[in-house]
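There are 4 protein chains.
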Amino acid sequence: MSQNQKTAKKAAKPVKQDTDELLSLEAKYCSWGDTVHYAQKLNIFSRSEGIYLYDREGAEYLDLQMWYSAVNFGYKNKRLNDALKRQLDILPQLACQYLHEEKIRLAAKLAQRIERTFETKGRIHFNVGGAQAIEDSLKLVRSSTGRNLVFAFMGGYHGRTLGASAITSSYRYREKFGHFSDRAMFIPYPYCFRCPYDKKKEFCDFYCVKQFERLFETEYHSVVNKKTNKCELGAFYVESIQGTGGYVIPPYEYFVRLKEILDRYNILMVDDEIQMGFFRTGRFWGIEHFNVEPDIIVFGKALTNGLNPLSGIWAKERLISPEAFPPGSTHSTFSSNSLGTAIGLETMKLIEESDLTIEVPEKGEYFLSRLKALKRKYPEIGDVDGLGLALRMEMCHKDGFTPNKELTDCITDIGLSGKLTAGGKKRGLILDVGGYHKNVFTLAPSLFIQKKEIDLAVDLFEEALKEGIRLTA
Amino acid sequence: MSQNQKTAKKAAKPVKQDTDELLSLEAKYCSWGDTVHYAQKLNIFSRSEGIYLYDREGAEYLDLQMWYSAVNFGYKNKRLNDALKRQLDILPQLACQYLHEEKIRLAAKLAQRIERTFETKGRIHFNVGGAQAIEDSLKLVRSSTGRNLVFAFMGGYHGRTLGASAITSSYRYREKFGHFSDRAMFIPYPYCFRCPYDKKKEFCDFYCVKQFERLFETEYHSVVNKKTNKCELGAFYVESIQGTGGYVIPPYEYFVRLKEILDRYNILMVDDEIQMGFFRTGRFWGIEHFNVEPDIIVFGKALTNGLNPLSGIWAKERLISPEAFPPGSTHSTFSSNSLGTAIGLETMKLIEESDLTIEVPEKGEYFLSRLKALKRKYPEIGDVDGLGLALRMEMCHKDGFTPNKELTDCITDIGLSGKLTAGGKKRGLILDVGGYHKNVFTLAPSLFIQKKEIDLAVDLFEEALKEGIRLTA
Amino acid sequence: MSQNQKTAKKAAKPVKQDTDELLSLEAKYCSWGDTVHYAQKLNIFSRSEGIYLYDREGAEYLDLQMWYSAVNFGYKNKRLNDALKRQLDILPQLACQYLHEEKIRLAAKLAQRIERTFETKGRIHFNVGGAQAIEDSLKLVRSSTGRNLVFAFMGGYHGRTLGASAITSSYRYREKFGHFSDRAMFIPYPYCFRCPYDKKKEFCDFYCVKQFERLFETEYHSVVNKKTNKCELGAFYVESIQGTGGYVIPPYEYFVRLKEILDRYNILMVDDEIQMGFFRTGRFWGIEHFNVEPDIIVFGKALTNGLNPLSGIWAKERLISPEAFPPGSTHSTFSSNSLGTAIGLETMKLIEESDLTIEVPEKGEYFLSRLKALKRKYPEIGDVDGLGLALRMEMCHKDGFTPNKELTDCITDIGLSGKLTAGGKKRGLILDVGGYHKNVFTLAPSLFIQKKEIDLAVDLFEEALKEGIRLTA
Amino acid sequence: MSQNQKTAKKAAKPVKQDTDELLSLEAKYCSWGDTVHYAQKLNIFSRSEGIYLYDREGAEYLDLQMWYSAVNFGYKNKRLNDALKRQLDILPQLACQYLHEEKIRLAAKLAQRIERTFETKGRIHFNVGGAQAIEDSLKLVRSSTGRNLVFAFMGGYHGRTLGASAITSSYRYREKFGHFSDRAMFIPYPYCFRCPYDKKKEFCDFYCVKQFERLFETEYHSVVNKKTNKCELGAFYVESIQGTGGYVIPPYEYFVRLKEILDRYNILMVDDEIQMGFFRTGRFWGIEHFNVEPDIIVFGKALTNGLNPLSGIWAKERLISPEAFPPGSTHSTFSSNSLGTAIGLETMKLIEESDLTIEVPEKGEYFLSRLKALKRKYPEIGDVDGLGLALRMEMCHKDGFTPNKELTDCITDIGLSGKLTAGGKKRGLILDVGGYHKNVFTLAPSLFIQKKEIDLAVDLFEEALKEGIRLTA
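Protein chains in written order, with this note's numbering: chain A, 2 to 474; chain Z, 2 to 474; chain G, 2 to 474; chain W, 2 to 474.
Rendered as structure tokens:
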């Protein structure tokens with residue numbers, strides 16, 4: 002194809018010189034306020050396909066984070082790319098105050114699926130960017146409960162608008178930006194490997210839930226008026242599995258027990274599935290593993306496989322009916338844009354026609370078994386865990402517990418250097434680091450990754466790990 | 002092409018029945034909380050091209066709002082669509098923590114252009130959706146001034162996140178959502194046709210600016226401590242031309258005088274160009290008409306011609322340097338997504354290679370002259386005005402002043418009914434209504450609209466106007 | 002009496018040396034954060050009686066501010082002092098959760114008087130300190146309107162708790178204390194001598210009221226949703242006559258017109274009578290001059306003639322009934338302390354048995370006439386005005402308009418120096434300075450001041466004025 | 002004296018009829034929003050002396066709460082009453098912008114005493130009412146740390162202004178009053194009898210402190226940015242012994258350990274001594290027992306023995322120096338009123354000349370030993386504890402643990418009925434109830450209570466207790 006030829010030609014140019022120019026422009030004209038400059042050495046990528054990224058020199062990087070689960074269905078997924086192209090040729094643009102078919106069908110498919118799963122009627126409201134969907138959910142919470150304040154988890158992440166930053170635990174995200182009047186009340190998350198209460202999972206009997214429940218014992222515990230039984234906070238924001246927090250999987254019964262308390266005080270459960278939705282965990286929503294029915298679900302990322310920032314919320318009918326959330330309650334120019342909804346609709350069809358319910362858990366188990374084997378071999382791997390293809394490896398010192406950020410960073414850099422050889426040729430490995438101590442590899446490979454690619458990934462990782470241990474020894 | 006054939010085939014189905022099913026799904030599964038249900042009768046569109054939208058029955062609608070200026074370069078603009086397809090084939094997805102060429106080049110082009118225009122160095126920070134760019138600008142304001150509070154204009158619109166709603170004048174957008182701790186201090190806008198101070202433009206001598214200046218006279222006027230000369234508010238958010246407020250064009254000298262006061266108290270001027278940027282007014286930024294240099298510019302919409310929600314801010318170096326706005330200050334999954342930046346980069350090239358600086362003002366003047374002719378004919382048109390191809394017609398009662406929302410709505414509905422015949426065949430007319438009294442047609446045609454299409458638009462409008470006057474008489 | 006002998010003996014000690022020691026202790030152990038150190042030279046007073054203060058050397062100062070109207074009934078008023086002593090001997094202390102007779106009788110007397118005046122039933126809630134009563138009124142506003150935000154006047158003063166500072170116009174009072182989430186929306190006050198809109202009182206036709214009314218025209222003016230007719234702000238805080246703002250008296254009809262607008266949108270009028278209540282203006286409440294009935298009245302200061310910080314609010318029954326404001330809604334240890342209520346009750350009896358309704362206006366007119374005569378003589382007196390014994394003199398440059406803070410301060414210092422001779426012996430003159438430009442003498446003499454004492458006061462003032470003009474020439 | 006004769010005469014009137022009239026006036030004209038109507042049956046008291054209150058029928062009530070420690074030195078303490086009368090005869094009133102001797106000497110005495118105790122220089126700032134002093138402390142915290150947010154304890158109580166309510170744990174105090182933008186982050190208090198973490202004091206090794214310390218481990222725990230080491234919260238508000246929370250005494254080392262953490266992050270410790278100051282616990286400040294030096298001390302109540310609401314704060318020089326807290330930072334009409342400061346000064350002298358340091362602990366131990374004996378006898382007494390004359394008895398069900406509010410209320414009512422006979426004549430007993438579960442008698446007798454009066458008090462209590470157990474059986 003001519004386009005590929007052009008690309009090829011371009012690649013023939015003195016790439017290094019061009020890259021230097023780019024980096025010089027970047028240094029001068031790009032804000033460094035995003036996350037690019039977390040890294041010391043900047044990588045420029047120019048191509049992505051399947052489970053691989055390619056840099057300007059053509060080097061191949063096996064990607065185990067897939068844009069933090071935005072690209073669950075693989076880079077350059079033909080079916081989804083084609084859906085975008087198709088819509089581009091027909092209805093590439095339309096003001097969102099008018100309707101188009103794909104918006105309706107996508108909303109219907111999502112709401113119907115949730116209705117089947119949770120046996121609850123509800124509606125979909127679209128927006129763009131996960132944080133804006135979070136903002137819409139906050140609007141729903143405020144209008145239906147009359148409360149500005151919410152609970153959220155320590156270790157939770159919900160985005161970076163001012164409203165989302167107020168309910169995202171990390172203070173670093175707020176420090177420079179003045180007073181946050183709606184700062185959430187943050188509750189310890191059931192991070193059992195590092196239990197916030199120093200309990201052992203086997204014997205704790207959900208001590209953390211009981212600690213939460215204790216808040217409602219008397220008015221003096223600051224959140225409830227026992228005379229009216231009303232709570233000062235309107236909702237509890239949860240991630241089924243904490244994403245940025247390090248893919249921490251809560252005990253199976255945790256959410257059931259939590260929800261029971263919330264229901265007693267009419268506190269809504271808002272389930273942020275932006276990272277874990279769309280089969281990352283082997284089910285459509287991560288929360289489906291936990292036998293609990295949220296009041297509001299927030300989604301984004303993988304809905305369009307990363308081709309469009311389309312996001313949205315689902316809420317129970319009583320919260321989002323036309324009476325409860327009437328016309329004009331919220332709005333955004335691109336909220337239900339025709340390109341995004343067309344891709345999203347195709348994603349839904351792809352899901353319906355796939356065996357993700359079976360395949361993802363299978364692949365996940367295989368991947369996890371390989372990681373567990375590594376753990377047995379390397380004491381520096383303190384913990385591995387996974388649900389579907391959301392997997393975690395916690396890097397520690399030799400004691401298998403003390404967080405080892407230095408080693409984690411070193412392995413990441415080795416991966417990014419593109420010089421691993423495990424698969425028989427030079428390759429890089431793209432790893433994402435999360436966790437409270439920034440020592441957790443949060444692995445989110447393509448849901449279409451093959452078994453031998455998993456093998457390759459683990460081999461590459463082991464190579465980087467060995468080298469990392471050596472360098473940081 | 003096979004795709005068109007499919008579409009054709011689809012169109013052969015009993016459209017009406019299918020439409021009914023869609024509307025029924027919409028009623029059940031879509032949130033009504035966006036702006037779709039402002040309308041009584043819902044329109045579903047299925048195709049867009051050039052200056053036209055097409056509904057499911059194939060009826061053609063001449064569009065004079067172009068997705069509120071998101072599609073300045075015409076629906077299905079081949080060059081821009083191709084840019085998207087090209088990127089789809091190469092680098093459709095990439096996590097924003099890594100770099101890609103188009104992001105850098107687009108940032109450089111934008112910053113360099115602003116540097117040439119205002120002789121000021123600065124940087125670009127991308128995000129998705131205008132409101133998220135507004136949120137980023139609020140972060141900059143807060144971190145650089147240490148203040149949460151800002152001035153904004155009555156009639157101003159900056160988006161619908163909680164943070165953006167706090168600085169958007171309309172209380173309707175806040176009413177259901179609890180307390181807004183950072184509610185802006187709203188200042189009357191120089192809306193001379195309906196002067197907030199009942200002055201005549203010819204004699205007022207910028208009374209409105211003086212009223213603003215008076216706030217700084219003593220500490221008792223609530224905003225300044227004369228002993229420290231510090232102001233309680235960190236910035237003033239402006240739109241060069243109020244968008245949703247009804248395309249109100251301020252007097253030429255207004256912003257210069259305003260900025261002079263702001264500079265005295267180190268109050269930043271944030272210029273929201275989300276609607277007016279990218280040549281809507283005949284210059285790259287609307288503010289360029291007013292001889293004033295903003296400290297922060299916020300942009301979105303037309304940057305990608307509506308193909309991607311890419312948005313962003315430009316800020317002066319001292320505000321956004323790596324020291325002032327360090328890595329991790331803000332973030333969004335899709336912030337500098339490869340598809341959006343590739344389209345944006347092509348938009349910049351298209352602009353550079355076009356004669357928009359000449360053509361847009363010419364077309365605008367022609368369009369305005371035709372509207373002025375209409376005004377002379379119909380007393381119900383209280384005011385027409387325009388800058389470039391941002392044009393306004395204020396619909397009134399026969400006195401030419403009392404706002405006539407009923408007539409405005411009636412004309413809009415006539416346009417949407419698709420039964421106008423002015424051009425020799427049945428057509429619809431897409432009009433956007435704005436203004437403090439919801440009686441202003443805010444016209445934003447494609448920048449590539451042709452003279453004869455302008456003629457057609459005006460003819461269609463006149464036909465609708467006549468009918469509207471008749472029906473509401 | 003032995004006590005006086007002791008005092009006499011004490012005075013026989015080397016006073017100067019003792020004073021130096023006191024000032025040295027003050028410099029070291031007293032916070033300077035109150036208003037003492039506004040003055041360059043510190044005055045220590047040791048005795049007060051009638052209309053006079055006496056310093057440690059025994060010098061006499063005629064007081065024209067009477068503790069900003071806290072001592073309306075004269076220093077060391079025997080009747081009120083005796084009431085305090087009496088209660089001291091019987092029930093000096095009692096926890097406010099139990100009742101005592103004086104609390105009940107005082108509440109009844111106040112509420113019954115207001116009922117007679119305004120023909121409205123209501124109740125009294127006591128507290129200590131004006132600001133705490135303001136806080137209680139804010140609680141009433143919030144609980145009955147569901148709104149945190151209120152209107153208040155530029156130039157208004159309601160106290161210095163964080164809540165009161167948020168509705169007090171001067172930014173200087175907030176600057177050091179972070180973000181104020183409930184900052185009032187401040188509205189220009191009808192300060193006709195320096196009209197905020199540069200109008201002339203004779204021709205303005207209440208332009209300022211119309212400007213306020215305009216805020217309610219459309220939702221775009223930021224405060225009202227026209228679809229629900231609800232306002233974002235729950236109350237308007239007014240002082241019948243601005244105290245700290247410079248004893249500015251609004252036009253007679255002003256409040257009637259304002260209230261009419263407020264009633265349309267269910268906005269409460271809260272009338273802060275802390276300075277102007279208890280006959281300062283010749284009527285029980287200052288607002289009684291203006292033919293308007295407030296929803297809440299806040300009072301303090303003169304209720305106990307300055308012998309106890311007792312303060313309180315009166316509110317209409319629907320706002321403060323046991324259902325609306327149930328037990329435990331607010332509380333303060335000293336809220337209805339037995340000493341304060343006993344004095345307050347005696348104050349009410351004193352008022353009932355006095356001819357203040359006649360005497361205060363008479364004395365006020367006489368005082369005002371003498372000030373007007375001064376104004377005719379000295380162009381530096383830009384404005385004099387008065388209502389009852391709340392009188393203002395605005396000091397200006399020779400143009401009679403430009404504020405002259407320097408002259409004002411100079412006259413104040415001359416008064417405090419205690420070396421005026423007008424009355425035939427060395428005396429001082431205690432003047433209070435207020436006003437937006439700190440150039441207004443706000444005169445609040447004892448309500449029991451005699452005509453010849455007024456003459457003396459004016460003579461002393463004229464002497465200081467002449468000297469001040471000379472020194473600042 | 003004639004006054005006593007009048008009183009005698011008054012008492013001769015048909016008291017019952019007069020009381021009914023009073024109660025009827027109260028029902029009509031008094032706000033019920035304070036704490037009077039917590040009680041079903043209202044008591045009117047007319048006389049107080051020593052440790053006794055007397056009702057209108059002359060019945061005597063032994064008081065074990067002394068206006069929640071406002072009257073530490075006994076009702077109608079002659080020395081302090083005389084000090085008030087003396088000042089009344091000399092300088093009863095003086096605007097606080099001028100100085101008077103007693104203010105200075107009182108400030109000096111307080112600051113010097115604190116300087117001796119903690120070896121730290123500081124200053125005093127007066128105000129009226131504990132809550133206003135708390136507001137002043139919040140101003141200091143905000144201005145010196147730049148932070149609005151603070152930590153406070155669950156079970157803590159700091160007053161009822163909006164600002165104080167935001168840092169007082171009980172949500173009931175906030176529920177009706179909208180959004181509190183500065184709501185504290187509430188931390189579990191070391192209430193060992195009902196350990197918030199279900200630990201045993203003997204083995205816990207300060208688990209609660211470690212839980213607090215854990216908040217600072219990573220930025221994900223919501224309060225600290227580890228990169229800057231800055232905390233989102235500026236101060237920690239503590240009561241040395243929780244007052245309203247039920248006179249809960251923390252373990253001896255608790256505050257030392259807490260302060261160590263606070264110091265690491267520059268978090269101020271604000272010590273609210275409003276209830277526990279002035280020897281209630283056997284030392285001048287309650288905190289003196291705990292080997293820790295607070296940054297700010299807030300005091301009130303007993304400073305004037307309840308004769309005047311004078312309150313105040315002491316702060317370290319660096320926080321409150323004239324540079325840090327300059328003139329005009331805060332203000333209140335009655336802030337350093339001459340009557341209050343004169344009494345306060347006499348209180349300080351009385352303290353200096355007394356043996357409170359020895360006597361209060363002695364009496365406290367004796368009282369406590371008697372209570373412990375009761376506890377051994379009655380299983381319904383779950384816990385007794387005390388520090389000086391701040392004593393607690395926690396009423397439970399027969400298990401000695403389950404809170405028994407019904408019994409507590411019943412005993413309180415029996416005490417108030419005035420029909421106990423333990424001392425050989427009919428008497429009442431005034432008890433105050435506190436505690437998270439409203440089941441704790443918080444005993445605060447006069448510091449001058451005699452041993453035999455303690456015996457009488459315990460006998461009366463036991464009588465009421467028996468009867469209460471019988472009635473609620």
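The C-beta atom is built at its ideal place from N, Cα and C for all residues, glycine as well.
Item	Value
Other residues of its chain near G341(A): CB distance less than 6 angstroms, five sequence neighbours each side excluded	T305, N309, L311
Residues, ordered as in the chain, of the segment 262-284 of chain A that lie near chain G by beta-carbon distance below 7 angstroms	none
Top-ranked residue by Cα proximity to Q94(G), from F46(W), S170(W), F152(W), I298(W)	F46(W)
contact_flag[the segment 383-403 of chain G, the segment 351-368 of chain G] where n(CB pairs < 8 angstroms) is 3 or more	yes
Min CB distance H180(G) to chain A below 8 angstroms	yes
Where the segment 219-232 of chain Z meets chain G: residues whose CB sits under 9 angstroms from a CB there	T219, E220, Y221, H222, S223, V224, V225, N226, K227, K228, T229, K231, C232
Three-state secondary structure (DSSP) of M2(W)	Low confidence applies here, because M2(W) scores a pLDDT of 42, under 50, leaving its location unreliable; read the following figure in that light. Coil.
Any chain W beta carbon closer than 8 angstroms to E468(G)	no
Secondary structure, alpha helix (DSSP H): runs of 4+ residues fully inside the segment 213-280 of chain Z	255-265
Through-space distance from A185(G) to T169(G), alpha-carbon basis	8 angstroms
Nearest-angstrom beta carbon gap, I91(W) and L111(W) [assumed within contact, 8 angstroms]	The Cβ separation is near 22 angstroms, so there is no contact.
Per DSSP, cross-strand counterpart(s) of G51(Z)	Y76(Z)
Best match in E324(A), G147(A), L107(A) for proximity to L269(A) [C-alpha to C-alpha]	G147(A)
Cutoff 6 angstroms; reference G1(G); Cβ partners in own chain excluding five residues on either side	Within the shown structure, residues of chain G are numbered from 2 to 474, placing residue 1(G) beyond reach of any answer.
E395(G) versus D35(A) - alpha carbon distance	56 angstroms
Rounded separation between D433(G) and Y69(G) - CA only	8 angstroms
Minimum Cβ-Cβ distance from E58(W) to chain A less than 8 angstroms	no
Residue from K211(G), E233(G), G278(G) with nearest C-alpha to E220(G)	E233(G)
Proximity test, Cβ basis, 8 angstroms: S3(A) and chain W	With a pLDDT of only 49 at S3(A), under the threshold of 50, the placement of this residue in the model should not be trusted, and no figure is reported.
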